[in-house]
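So the protein sequences, as listed, match chains Z, U, S and V. All you need for my numbering is the position in the first sequence, starting with 1, plus 13. All you need for my numbering is the position in the second sequence, starting with 1, plus 13. All you need for my numbering is the position in the third sequence, starting with 1, plus 13. All you need for my numbering is the position in the fourth sequence, starting with 1, plus 13. Every residue, glycine too, gets a C-beta built ideally from N, C-alpha and C. Scroll down for the structure; my scribbles are underneath it.
Number of protein chains: 4
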Amino acid sequence: MMKLETITIGQQGNANPLELRLFHFEGHKSDQSAFIQANVHGAEIQGNAVIYHILVTLKANPDIVRGNITLLPQANPLAAITKMGTWTLGRFNSVTGDNWNRLYKDIFANQSLDQFAKKDFDKEQFKAYLEKAIDQKLFALKEYGENENAFLNLHLQKIAARADYVLDLHTGPIACDYLYVAEYLTEKSKDLNFPHHLIIPNEFGMAMDEASFMPWVHLKKALENSGKTYDIPFESYTLELGSEEVINTKLALKQAAKIMHYLLKREIISENPLEEHLILETPKACLLSDYKTYYAPKGGLVEYHAKPGQEVKKGEILFSILSFEDPERLLEEHKAKKDCLIINHTTSGNIRKGMELYQVMENYQ
Amino acid sequence: MMKLETITIGQQGNANPLELRLFHFEGHKSDQSAFIQANVHGAEIQGNAVIYHILVTLKANPDIVRGNITLLPQANPLAAITKMGTWTLGRFNSVTGDNWNRLYKDIFANQSLDQFAKKDFDKEQFKAYLEKAIDQKLFALKEYGENENAFLNLHLQKIAARADYVLDLHTGPIACDYLYVAEYLTEKSKDLNFPHHLIIPNEFGMAMDEASFMPWVHLKKALENSGKTYDIPFESYTLELGSEEVINTKLALKQAAKIMHYLLKREIISENPLEEHLILETPKACLLSDYKTYYAPKGGLVEYHAKPGQEVKKGEILFSILSFEDPERLLEEHKAKKDCLIINHTTSGNIRKGMELYQVMENYQ
Amino acid sequence: MMKLETITIGQQGNANPLELRLFHFEGHKSDQSAFIQANVHGAEIQGNAVIYHILVTLKANPDIVRGNITLLPQANPLAAITKMGTWTLGRFNSVTGDNWNRLYKDIFANQSLDQFAKKDFDKEQFKAYLEKAIDQKLFALKEYGENENAFLNLHLQKIAARADYVLDLHTGPIACDYLYVAEYLTEKSKDLNFPHHLIIPNEFGMAMDEASFMPWVHLKKALENSGKTYDIPFESYTLELGSEEVINTKLALKQAAKIMHYLLKREIISENPLEEHLILETPKACLLSDYKTYYAPKGGLVEYHAKPGQEVKKGEILFSILSFEDPERLLEEHKAKKDCLIINHTTSGNIRKGMELYQVMENYQ
Amino acid sequence: MMKLETITIGQQGNANPLELRLFHFEGHKSDQSAFIQANVHGAEIQGNAVIYHILVTLKANPDIVRGNITLLPQANPLAAITKMGTWTLGRFNSVTGDNWNRLYKDIFANQSLDQFAKKDFDKEQFKAYLEKAIDQKLFALKEYGENENAFLNLHLQKIAARADYVLDLHTGPIACDYLYVAEYLTEKSKDLNFPHHLIIPNEFGMAMDEASFMPWVHLKKALENSGKTYDIPFESYTLELGSEEVINTKLALKQAAKIMHYLLKREIISENPLEEHLILETPKACLLSDYKTYYAPKGGLVEYHAKPGQEVKKGEILFSILSFEDPERLLEEHKAKKDCLIINHTTSGNIRKGMELYQVMENYQ
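Okay, here's the thing in C-alpha cells:
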C-alpha cells in the first residue's frame, strides 16, 4: 500500500543526481490528506527519525490509513550534503547564501482571488487552482533555465498544495521542542500537544508554513471582500524538534506519537498505534513580538548557563563570557533582562560580538 | 587636511578587533558632500584601488576640495577576512548566510514624514533628522545586544546619511562596468559616464543605494501629500567596477577619473586632476525587468563564449555545457534567447543545474 | 607579577591584526618552567577555561610561583575566527586545508646533534641551542615572505622551546578526557591524573607534543651514539579536555586542579590552591596501534548509542544508521567488533559513507 | 568499441550516490596501456575538456587504438560538488582538510620486493602483483568501515596500477602549462611537449604520479639489491593545464594533441588525428628545489604584475600591495629576488600576510 516515488530534483556539475524519496500512503475512507517533510535545513535531522517511526507504524498498520499521507524525509538533498568541517552547513545555499526556509513563494501575492471567490467552489477545487498556479510558476522558470533555489522550493510547495495539513519538521540549534503557529490556528494547534507555541501573524515570511497557508489567507480575504465569512480549513505548522545534528530514536517515538495523534484528530488515520508514547501538553505561548534574541555584547567564549525549556527570572544569570582582552575582567556574567522561558541557544561557545546567543519567550502564558 | 578615523566595528571570539578606516577631506567652500565606500562584499576589491587614486589625488591637491568627501575602503572587515579555499567568501555572513548588501534598513518605512514635511526645512535639517532616526535604531539595538549584521550596516547608513552623494563601489563576478540607477536619477546619472545602466524602481530592495535614497523618496511623497512638488537633491548609486578578486590600478585610474569628474560636476571639487584619464561615455540602459539571468539547464562544465560588454544576437551561442552523463551528447551549445548585451557571467566553470550563468540586458537603448 | 605580552602574529587583507596574548608568571626559586597553550584548533575551547582558572589562581597566589609559567589561551587567532555556519571551522587553515596541529617542524630532523652531544652541556644550554635553531628557521622564512602556516607554528615552538614542560590543550569532537603520552613518559604522565592514556611512539607526527619532545629524543640518540645514557628531563603532552565548542567552567576547575597538581609535582609551584578540586585517577591506557576508528559503512543518519568514557563489549550496539534508500531496511544497528572503551565520536549525525564515527581504545589496561 | 563503466564510489548522508564514469578503449595490437584521469581537485576542470577531445577522437577513429586506454574525467565526485560561494572548494576534503592529491599510498613502503625481484617476471606480472597488494589494502579497510579518503584514492591507484602510462590532469591556480617529471623520466618526458618541467626526486610525496611510479622505484631498488640493473618501463606524470575554474575547448584541443602524440610515441595508438593541432616544444626545466614560492610580506590587496609563462629579471616588479594601514605608504611594489620564470599566481587579490602569491622557476634551463 505504500508507494515509494523517487524524484531527481537537481544535478551536480559532475552529473551526479540530487534525489528526493517520497513515501505515499493512500486511504480511501476520507478526503483529508497530510504532507510531512523534514530536514529542509541540512543539519536539522531529528524530523527524519520522527518520519521513520510514522512510516514504520503506517506500514505495519495499513488498515488505519483513512486519507492520504505523504512523507518526505531529507527533503533538501543539496542542504543535506553540504558539510564544512565536522558539521553540516545546510542552513543556506552555500553558493548564494539564501536560507532554504526563506525561498518559498506567496503564490497569490500578485494575483487577485476575487473572481475565484465569487464562484461556488469546494476545497479540492481551490487546491487544484493553487496547484495550477504553482505549475505556471514552475513553467515560467523554464524560460531562462530553472533557478535551483526557486525550483526545489516550488516543487515542495506543489507537493504541499495537495494536502490539507502540512507539517514542516525542523529543529532549533540547541533547543527544546516548539511550534510556530499562525494566529488563525491558535486553537487548532493544541491538537499537536507541543509544549511551546510561537504565535506568528497570518502573513508571509517566506517559510514553508506561511507559504502553505497564505493562499488560504488570500482566499479568506477575497471571500470577505464579497461579504462572505470563511473559516480556513487548512493548517500548516513548523515543528521544531529539539537540537541540530542529533537523531534520537527514543525521543522521536514520543514526537511521532504526537503527530499520529494529530492525524487521528484530523481523521486521516483511524487509530494511533503509538498512543502509549503520547504525552499530552498544555502549551506555553507568546507572540512573535515577545520572542527575543540575545546577542553577544562582546567577542569571547560563551558559557550557556540556562538550558532550553528552563524558565529564568529577570536578573538571573543567562550566560557568561570569558575574554582575555582585559586581565582584570576575564569572566563576565550576563543576566536576563526580563522573566523569560529559554527556547534555544547557539551551538558554538566561540562567539563574535553581535552573534545570536539565546532566543527566549517573554510575556508567555 | 586629510583626517584618518579608525572605528572598531566588531570583535572576534578571541578579542581581536574588526576595524574600519575612514578618510575625511573637508572643504569649506561648499555644503555639498560625498561618501564613497568600497568592498562591502569581500571579494569585490577593485573599488579600493579606485579609492586609492582618489585619496592620493586629493592629498596631493588639497586646494581643489570644496565640500566634504569621506572615503571608506574595505568597508566590511568581516567580509574581507572570510576566505574559503583560495577565494574570498564575503558575499554573505558565513554564519547566517545574509547577503551584506541586503541588510540595510528603510529607515522611514514605518514612520510618517507628513509632520516633518509640513514644516519649513532645508536639506541639512532633513539629513540631521534622518541621522537622528538612525541613531535611535542603533540605540534600540543595544537592549538585547547589537546584532552584528544590523550593527555594521546601520553604521554605514549613518555615515551615508551625512552625505548628498553616496557611491557604493562593488564589482560583478566576471563583469564589465555597470551602474544601478534609480528611476528618478536617469538624467543625472549620466554625469558618471558609465557604459551600462540598469534602471531600478524608486523602491527599497535592501541595498545601500536604495537605503540611502529611500528617505528622500519618502520625503518627496510626504511633500506631495501636502500638495508640494519636490525634486530630490540627493543621489546614490551602486557602481559595478569589473570583476571580483582583482585589483588593477591602471583600470582604476580611469574609473577614478570618472568619479572625480562627477565630484567636479557636483561642485565638491573645483578641478579634476585626473581629467586626462577620463573617457566620456553614452550609456546603454535597460529597465531592471529587462535584466535577465540565464540559469544552467543541467549540471556540467560550462564554457562561456560571450564576454562581458559584448552584444549578442538571438540565436548566437552564449555558452556550452560539457557533461559525461551521456556519451552521445557530451558537448551541448546553448544560444541567446533574445538579442542581448552581456553584463556578467559566473566565476566558475563547474556548475550545478539551476546555478546562475549569465546576466544580460535585453531591450536596452 | 603577571606580565601580559601581546604579539601580532598575522595581518588580514584589510590590515586588521591577528594577535596573541601571552601571560607570564616568573618565579625565582626554581629553574623549572612550563608552557601551557590552548585552542590551536578553533573549536577546541575548553582549554581556555582551564587556563582561566590557572591564571586567576596564580594571580591570587603569587607566592606559590617557584619557576616560570607561560599561559597562552586562544593560541591560534586565524583558527579561532574562522566560522562557517554556526560552528567554528578551525581544525585546518581554510585556504590550504592544512591541519593546524600537523604544521610543526622536527627541528633537528636534518641536523646531527653528535657534535653537540660530545660536549659538556646542561639542560639550559640545550634549550638555548634549540631556540637558536628555531630562530634560524624563522629567519630563513623571511627570504621569500613568511608562509603563514610555518610562521605561526614555529613561533609557538619557539615559546615551547624555553619550557621544560609543555602542555597543549585540545579537545576531542564529542569526547571524554584523554591524554597523548609518548612512550618514554609512560610513568611520569601519571602525575597528570588523566583517566585515559594513548601511548604514542617517541616519533614525529607533526603535532606540538611531538615537535616539542623530538629535539630531546634526537639528543638522547646522539648521546647514545657516544655511548652515554640519558634520561630525557623534558615532558610534553597533548591533553584532550572533553568536547568541542563548549566551555564549562565547573569542569574546567577540576581539570585545572590536575594541571596545578602536576606543576606542584614538578616544583614549579609550591602549593596547589585548587587541591580540593583534584580527583586522582588511575589511567586506562592503550597503544596508538590499539586506538581504532570506526568509519560509516554507508551514508545515512547516525545515532550514537555508546557514550565517551563507556566500556562496550564485543557485539554490543555502538551505533545505528537510518537510511531511506531501502524501505525494507530503514534502521540498521552496528555492533562493536571487539571489547573497547569509547573515547570520542563525531559531532554530526548526518554522515557520508566512510566518515569517522567513533574512536575507541582496544586492549587497554 | 568504447565501454562506459559506472562505479559508485561513495554515498551521501541522504543516500544520494557519488559516481565515477570510466571510458575504456581496448586495442588488441599492443600490450601497452594508458590511464588518464582529470579533476581530482574539484576546481581543476580543464583536463576534462582535454579528455573530451581524446574521447571524441578515439570514438571517431576506432581503428587507431592499438593498446588499452582508460579515461576518467571528473575523477573525484566529492571534490567536484563541494562549492563555497561562487567557487569550487575541492582542493581538500571539506570535513577533514586533507588535500585530495596527498592521500595516495606508497604501496610497497613497508613490504620488501626482494623475494619478488629474485624470480623471473615480466611487466604484467609485476602489475598484477601490485594490483593484488592494493586489493589487500582495500580489503583491510573494510574491517572498521572504509575511510572515504583512503577508499577513493586507493581505487584510483588500483585503476592506475593496470596501466603503463599514467597521466594525472590538474591545473594551477592562475597558471601556464607545466609538468611534474620524476628524475628518472627527464628524457622520456619530452615526448609530452610541455613548455615547463619541474624535476621531482624519485620519491614519495603522496601525489598520484609518485604513488604510481614508486612501486617501480622500489622494484628497481630490489633488483639492484640482487645485482641486476633495471630500466623502469613505467611512466607517470602530473600535467598542469592552465588555470582553475575554466574550461576552454580550443586550448584543450592543443593540449589533447600533445597527449595523443605521446600515446602515438608509446604505440598505444597508431596515428594521431589531432596532429595538425600539435605544437612541439623544448621544455624549460628546473629542479623542485629551485621552484620557489613568494609569500605575502603583509596583508593587503595584491596586484599581480607578472603573468604566468613570463620571464622576470631580478629587481623587476612582481607584484604590488595596496594597504590602507598607513596613509603614507598605501601602495608598495615588490620585486623579483632572482631571475625567474613565472609558473602561477594565486587566484585572489585579497591576501593575508603569509599567503602564497607566486610560484616561480629559478635556475631553469
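task: Assign Met14 (chain Z) to one of two classes, buried (16 or more other C-beta atoms within 10 Å of its C-beta) or exposed (fewer than that).
output: So Met14 (chain Z) counts as exposed.
message: By the three-class DSSP mapping on this structure, what secondary structure does Pro90 (chain S) have?
response: Under the three-state reduction of DSSP, Pro90 (chain S) is assigned to helix.
task: Answer yes or no: does any C-beta atom of chain U fall closer than 9 Å to that of Ile94 (chain S)?
output: Chain U, which has a Cβ nearer than 9 Å to the Cβ of Ile94 (chain S), makes this yes.
- request: Examine the Cβ distances between the stretch 316-328 of chain V and the stretch 337-352 of chain V and report whether three or more of them are shorter than 8 Å.
  value: Flag = yes, the stretch 316-328 of chain V and the stretch 337-352 of chain V touch.
- prompt: Rounded to a whole number of angstroms, what is the C-alpha to C-alpha distance between Ala224 (chain S) and Lys16 (chain S)?
  reply: Roughly 26 Å between the two C-alpha positions.
query: Is any beta-carbon of chain S found at less than 9 Å from that of Thr295 (chain Z)?
result: Taking a beta-carbon distance threshold of 9 Å, Thr295 (chain Z) does not count as an interface residue toward chain S.
- prompt: Can you name the residues that DSSP bridges to Asn360 (chain V)?
  reply: Checking the sequence, you will find Thr at residue 360 (chain V) rather than Asn. Paired residues: none, contrary to the question.
query: Quick one, which of U:Leu211, U:Tyr197 and U:Phe134 has its alpha-carbon nearest Val373 (chain U)'s?
result: Ranking U:Leu211, U:Tyr197 and U:Phe134 by Cα distance to Val373 (chain U) puts U:Leu211 first.
field: Length of the line joining the Cα atoms of Asn215 (chain S) and Met221 (chain S)
entry: It is roughly 13 Å from the alpha-carbon of Asn215 (chain S) to the alpha-carbon of Met221 (chain S).
Contacts that Pro321 (chain S) makes with chain Z (C-beta to C-beta distance below 7 Å): Neighbours of Pro321 (chain S) on chain Z: none; closest Cβ ~15 Å, over 7 Å.
task: Give every residue of the same chain whose Cβ lies closer than 7 Å to the Cβ of Ala257 (chain S), excluding the five residues on either side of it in the sequence, and list them in chain order.
output: The displayed chain sequence assigns Glu, not Ala, to residue 257 (chain S). Taking C-beta separations shorter than 7 Å and ignoring five residues to either side along the sequence, the partners of Glu257 (chain S) in its chain run Ala56, Glu57, Thr184, Pro186 and Thr360, following chain order.
query: Pairing CB atoms from the stretch 170-180 of chain Z with CB atoms from the stretch 335-346 of chain Z, are three or more of them under 8 Å?
result: Contact fails: fewer than three Cβ-Cβ distances are below 8 Å.
- request: Determine contact between the stretch 228-238 of chain Z and the stretch 255-270 of chain Z, defined as no fewer than three beta-carbon pairs at a distance below 8 Å.
  value: No, they do not touch.
- request: With DSSP as the reference, label Glu253 (chain U) as helix, strand or coil.
  value: Reduced to three states, the DSSP call for Glu253 (chain U) is strand.
- request: Look at the alpha carbon of Asp190 (chain Z) and the alpha carbon of Pro208 (chain Z), and state the distance between them as a whole number of angstroms.
  value: Cα to Cα, the separation comes out at about 7 Å.
field: C-beta neighbour in chain S for Phe36 (chain Z), strict 9 Å
entry: Yes, its Cβ sits closer than 9 Å to a Cβ of chain S.
query: On the three-state DSSP scale, how would you describe Thr95 (chain U)?
result: If DSSP states are grouped into helix, strand and coil, Thr95 (chain U) belongs with coil.
- prompt: Using CA coordinates, which residue listed in S:Asn166, S:Leu85 and S:Asn61 is at the minimum distance from His37 (chain S)?
  reply: Per the Cα distances, S:Leu85.
query: So, is the C-beta of Thr184 (chain U) closer than 9 Å to a C-beta in chain S?
result: The beta-carbon of Thr184 (chain U) is placed no less than 9 Å from the nearest beta-carbon of chain S.
message: I'd like to check one pair, Tyr250 (chain V) with Tyr197 (chain V): are the Cβ atoms closer than 9 Å?
response: Not in contact: Tyr197 (chain V) and Tyr250 (chain V) (Cβ atoms no closer than 9 Å).
- prompt: Whose C-alpha, out of U:His318, U:Glu289, U:Asn285 and U:Tyr157, is nearest the C-alpha of Met368 (chain Z)?
  reply: For Met368 (chain Z), the nearest C-alpha among the options comes from U:Tyr157.
Any C-beta of chain Z under 9 Å from that of Leu116 (chain U): For Leu116 (chain U), no CB of chain Z lies under 9 Å from its own CB, so it is not counted at the interface with that chain.
Buried versus exposed, by CB contacts within 10 Å (16 or more), Gln397 (chain Z): In the structure displayed, chain Z extends from 14 to 378; residue 397 (chain Z) sits before or after that span and is not available.
task: Compute the beta-carbon to beta-carbon distance between Lys311 (chain S) and Lys366 (chain S), rounded to the nearest angstrom, for a pair I have assumed lies under 8 Å.
output: With 8 Å as the limit, Lys311 (chain S) and Lys366 (chain S) qualify as a contact, their Cβ atoms being about 5 Å apart.
task: Please list the partners that Ser361 (chain S) has in chain Z, where partner means a Cβ-to-Cβ separation under 8 Å.
output: Identification of chain Z residues near Ser361 (chain S) by a Cβ-Cβ cut-off of 8 Å yields Ala56, Lys96, Thr99, Trp100, Thr101 and Glu258, ordered along the chain.
- request: Taking only beta carbons into account, state which residues of the stretch 316-341 of chain Z come closer than 7 Å to chain S, listed in chain order.
  value: Within the stretch 316-341 of chain Z, contact with chain S at the beta-carbon level (separation under 7 Å) is assigned to Glu316, Leu335, Phe337 and Pro340.
- prompt: In terms of residues, what are the limits of the beta strand (DSSP E) holding His183 (chain Z)?
  reply: First-last of the beta strand (DSSP E) with His183 (chain Z): Tyr178 to His183.
- prompt: Is it true that the stretch 283-300 of chain S meets the stretch 266-273 of chain S, where meeting means three or more beta-carbon pairs spaced less than 8 Å apart?
  reply: The way I'd put it, the stretch 283-300 of chain S does touch the stretch 266-273 of chain S; three or more beta-carbon pairs between them come closer than 8 Å.
query: Any C-beta of chain V sitting closer than 9 Å to the C-beta of Asn261 (chain U)?
result: With 9 Å as the cut-off, Asn261 (chain U) counts as an interface residue toward chain V.
message: When you compare the CB positions of Asn27 (chain S) and Pro90 (chain U), do they come within less than 9 Å of one another, or not?
response: Yes, Cβ-Cβ distance for Asn27 (chain S) and Pro90 (chain U) is below 9 Å.
- request: Could you say which of S:Asp339, S:Lys305 and S:Asp352 lies nearest to His358 (chain S) if we only look at CA atoms?
  value: Nearest C-alpha to His358 (chain S): S:Lys305.
Enclosing alpha helix (DSSP H) for Met221 (chain V) [first to last residue]: Segment Met221 to Asn238, the alpha helix (DSSP H) holding Met221 (chain V).
query: Is it right to say Ser302 (chain U) is buried, meaning 16 or more other beta carbons lie within 10 angstroms of its own, or is it exposed?
result: In the assembly as shown, Ser302 (chain U) is an exposed residue. Its beta-carbon has fewer than 16 other beta-carbons within 10 Å.
Leu314 (chain U) versus U:Leu335, U:Thr295 and U:Leu35, residue with shortest Cα-Cα distance: Considering only alpha carbons, the answer is U:Leu335.
message: Between U:Met219, U:Ile82 and U:Lys72, which has its C-alpha nearest Gly40 (chain U)'s C-alpha?
response: For Gly40 (chain U), the nearest C-alpha among the options comes from U:Ile82.
- prompt: In chain order, what residues of the same chain have a beta carbon less than 8 Å from the beta carbon of Ile22 (chain S), not counting five sequence neighbours either side?
  reply: Leu31, Glu32, Leu33, Pro90, Phe164, Leu165 and His168, listed in sequence order.
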